[in-house]
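Chemist:
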Amino acid sequence: TTSTTVTTSTSTTTVTTTTTSTSTTTVATTTTSTSTSTSTSTSTSTTTVTTTIIPLRAPAIEIPPNAKWQQNGVTVAGGNGSGSGFNQLIQPLGLYVDDAQTVYVADRNNHRIVGWKWNATSGEVVAGGNGEGNGTHQLFNPFDVIVDKERDSFIICDWRNRRVVRWLRRNGIHGETTISNIDCFGLTMDDIGSVYVADMKKYEVRRFQRGDSQGTVVAGGNGDGNHDDQLSSPQYVFVDRDYSVYVSDFGNHRVMKWVEDAKEGVVVAGGQGQGNNFTQLSNPQGVVVDKMGTVYVADAENYRIMRWVKEATEGNVIVGGNGRAELLNELNYPFGLSFDLYGNLYVVEWGNNRVQKFNIEQTIK
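Quick note: the sequence shown uses the UniProt record's numbering, first residue 1, plus one each step.
Encoded structure:
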């Protein structure tokens with residue numbers, strides 16, 4: 001008996017076995033029989049990769065609604081008085097914190113964007129810094145900055161020049177105007193590269209898809225007012241994973257949420273007039289929303305950061321609210337607001353020319 005096995009492998013494996021047997025009878029007759037069997041098996045494997053979308057300025061972790069932060073902040077940028085030195089800021093506004101915990105600050109009255117690496121004692125100019133002006137190498141009162149990781153560039157709200165500028169992160173010596181004739185205050189970007197800009201003088205937020213210079217209104221756009229389809233001097237903007245837009249509605253002392261394609265928004269924080277009660281805000285600025293739908297807002301003229309749990313009718317203070325001096329537990333006109341991936345909170349203090357980091361106390365899994 002002989003056996004032969006042939007195996008061929010691509011995405012399909014084929015096994016063929018041939019057996020030949022010979023038997024002899026008593027009448028001296030020889031019979032030969034041959035049998036062949038073929039078996040074919042095909043296997044397919046599929047690998048699924050799940051990508052978690054983390055909205056700009058949001059934490060990567062789940063933060064419980066009762067989480068706490070250390071009440072004394074750590075100064076991570078500025079804090080050395082008002083000035084143009086590399087360790088100073090003048091009236092900073094917006095910020096962005098990258099994955100390495102480098103803090104990028106819109107240093108408004110120095111007409112520059114400054115990056116402060118983790119644990120650094122001074123910053124590095126990464127855009128502007130060539131005096132006020134409208135040249136491609138200049139900025140004029142920048143209000144906000146984000147990082148486009150895919151294209152390795154900064155996107156800057158160049159307020160006084162009424163433009164949005166893209167500036168290369170590495171060795172960028174000048175910017176490229178991507179949006180013109182816009183009174184931008186705050187901006188952000190979603191996971192598909194669309195940029196959202198709050199236009200404080202048109203009382204609206206516009207979404208600009210790639211290659212689009214006109215944009216589409218996604219919040220407001222119905223004049224200055226306090227109705228649900230209106231905004232009054234919108235400042236900062238946040239976009240979640242469902243493309244809902246959250247806006248700090250400065251003049252109405254509230255934060256509004258506009259779901260995708262909505263014709264009007266809903267109040268998710270404040271909206272009870274200007275004041276310092278837990279149901280109220282006073283000139284809100286930076287806004288961030290976490291995975292649970294909790295809204296965090298810089299309550300500028302109450303000198304505190306407020307947390308509004310989803311569908312809550314009042315908020316609570318998580319840091320600040322202790323006055324507006326320079327102590328580490330005080331905030332002097334908080335403006336820009338951001339988390340890092342680990343849930344630590346960063347606050348730009350316009351009045352103290354610094355950025356404070358408040359470490360999260362609770363260990364979150």
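Cβ atoms here follow ideal geometry from the backbone N, Cα and C, with glycine treated the same way. From a predicted model like this one, the values you see are computed outputs, not experimental measurements.
For Asp60, which of helix, strand or coil comes out of DSSP?
Modeler: It is Ala, not Asp, that sits at residue 60 in the sequence shown. Three-state DSSP puts Ala60 in coil, outside helix and strand.
Chemist: Going by DSSP in three states, residue 373 sits in which element: helix, strand or coil?
Modeler: This structure leaves residue 373 out entirely; the chain is present only between 1 and 365.
Chemist: Exposed or buried, which one is Gly115 when buried takes at least 16 other CB atoms within 10 Å?
Modeler: Gly115 is buried by the Cβ-count criterion.
Chemist: Confirm the yes/no value for this check: CB of Asn222, any heavy atom of the ligand MN, distance under 7 Å.
Modeler: The ligand MN is absent from the structure shown, which contains no ligands of any kind.
Chemist: Do Arg210 and Val218 have their C-beta atoms within less than 8 Å of each other?
Modeler: No, they are not a contact pair.
Chemist: Give every residue of the same chain whose Cβ lies closer than 8 Å to the Cβ of Phe250, excluding the five residues on either side of it in the sequence, and list them in chain order.
Modeler: The residues are Met200, Ser232, Ser233, Pro234, Gln235, Asn283, Pro284, Gln285.
Chemist: Measure the beta-carbon distance from Val147 to Tyr104 and round it to whole angstroms, keeping in mind my assumption that it falls under 8 Å.
Modeler: At roughly 7 Å, the Cβ-Cβ gap stays under 8 Å, so Val147 and Tyr104 are in contact.
Chemist: Thinking just about the alpha-carbon of each residue, which of Asp290, Trp350, Asn329, Val255 is nearest to the one in Ala67?
Modeler: The shortest C-alpha separation from Ala67 is found at Asp290.
Chemist: Identify, in the order they occur along the chain, each residue of the same chain with its Cβ nearer than 6 Å to the Cβ of Leu139, setting aside the five sequence neighbours on each side.
Modeler: So the qualifying residues of the chain are His111, Gly128, Asp158.
Chemist: To which residues of the same chain is Ser194 closer than 6 Å at the C-beta, ignoring the five residues directly before and after it?
Modeler: Only Arg207, Gln209 meet the Cβ criterion.
Chemist: Classify Val355 as helix, strand or coil using the three-state DSSP reduction.
Modeler: Correct three-state label for Val355: strand.
Chemist: With respect to the beta strand (DSSP E) encompassing Arg307, which residues constitute its N-terminal and C-terminal limits?
Modeler: Arg307 -> beta strand (DSSP E) spans 304-308.
Chemist: At the level of alpha carbons, what is the spacing between Gly173 and Gly133?
Modeler: Going by the sequence as given, residue 173 is Ile instead of Gly. Spanning the two alpha carbons is a distance of roughly 15 Å.
Chemist: Let's see if you can read the secondary structure: which residues bound the beta strand (DSSP E) around Arg166?
Modeler: Where Arg166 is concerned, the enclosing beta strand (DSSP E) stretches over 163-168.
Chemist: What number of angstroms, rounded off, separates the C-alpha of Gly265 from the C-alpha of Ala198?
Modeler: Cα to Cα, Gly265 sits roughly 15 Å from Ala198.
Chemist: Does the Cβ-Cβ distance between Tyr303 and Gly321 come in under 8 Å?
Modeler: Contact flag set, yes.
Chemist: On the DSSP letters alone, give me the boundaries of the beta strand (DSSP E) that Val259 sits inside.
Modeler: Per DSSP, Val259 belongs to no beta strand (DSSP E) and is neither H nor E.
Chemist: My parser needs the beta strand (DSSP E) runs of 3 or more residues fully inside the region 324-348; what are they?
Modeler: Complete beta strand (DSSP E) runs here, min 3: 334-339.
Chemist: Given Glu314, which residues of its chain have a CB within under 7 Å of its CB, disregarding the five upstream and five downstream residues?
Modeler: Counting only Cβ-Cβ distances below 7 Å, and skipping sequence neighbours, we find Phe278, Thr279.
Chemist: By a C-beta neighbour count over all protein chains shown, 10 Å radius and 16 as the cutoff for buried, is Ser23 buried or exposed?
Modeler: For Ser23, the pLDDT reaches just 37, beneath the cut-off of 50, and the residue's location in the model is therefore unreliable, although a value from the coordinates is still provided. It is exposed - the Cβ of Ser23 has fewer than 16 other Cβ atoms within 10 Å.
Chemist: Quick check: the Cα distance between Asn329 and Asp242, rounded to an integer number of angstroms?
Modeler: When rounded, the distance between both Cα atoms is 35 Å.
Chemist: Look at the alpha carbon of Arg151 and the alpha carbon of Tyr96, and state the distance between them as a whole number of angstroms.
Modeler: C-alpha separation (whole angstroms): 16 Å.
Chemist: Enumerate in chain order the residues of its own chain whose CB-to-CB distance from Val125 is below 7 Å, with the five nearest sequence positions on each side excluded.
Modeler: Hits under 7 Å: Arg112, Val114.
Chemist: Should His253 go down as buried or exposed, given a rule of 16 or more other Cβ atoms within 10 Å for buried?
Modeler: Its Cβ being crowded by 16 or more others within 10 Å, His253 is buried.
Chemist: Can you tell me whether DSSP reads Arg206 as helix, strand or coil?
Modeler: In the structure shown, Arg206 sits in a strand (DSSP, three-state: E or B).
Chemist: Compare the C-alpha of Gln214 against each of Thr136, Leu56, Thr178, His137 and name the closest.
Modeler: The residue with the shortest Cα to Cα distance from Gln214 is Thr178.
Chemist: Please classify Val355 as buried or exposed, where buried requires at least 16 neighbouring CB atoms within 10 angstroms.
Modeler: Under this definition Val355 is a buried residue.
Chemist: Could you pull the DSSP bridge partners for Gln71 from this structure?
Modeler: DSSP lists no partner for Gln71.
Chemist: Using only the alpha-carbon positions, how far apart do Gly186 and Ala106 sit?
Modeler: If I take the Cα positions, the gap works out to 11 Å.
Chemist: Going by CA-CA distance only, name the one from Thr136, Pro92, Arg170, Gln362 that's closest to Val145.
Modeler: Among Thr136, Pro92, Arg170, Gln362, the Cα nearest to that of Val145 belongs to Pro92.
Chemist: Taking DSSP's pairing of strands, which residues face Pro142 in a bridge?
Modeler: Answer is Asp158, bridged to Pro142.
Chemist: Tell me where the beta strand (DSSP E) around Thr216 begins and ends.
Modeler: Thr216 -> beta strand (DSSP E) spans 216-220.
Chemist: Determine whether the beta carbon atoms of Ile360 and Pro334 lie at a separation below 8 Å.
Modeler: It is not a contact, given that the beta carbons lie outside the stated cut-off.
Chemist: Determine whether the beta carbon atoms of Gly73 and Phe339 lie at a separation below 8 Å.
Modeler: No, the Cβ-Cβ distance between Gly73 and Phe339 is not below 8 Å.
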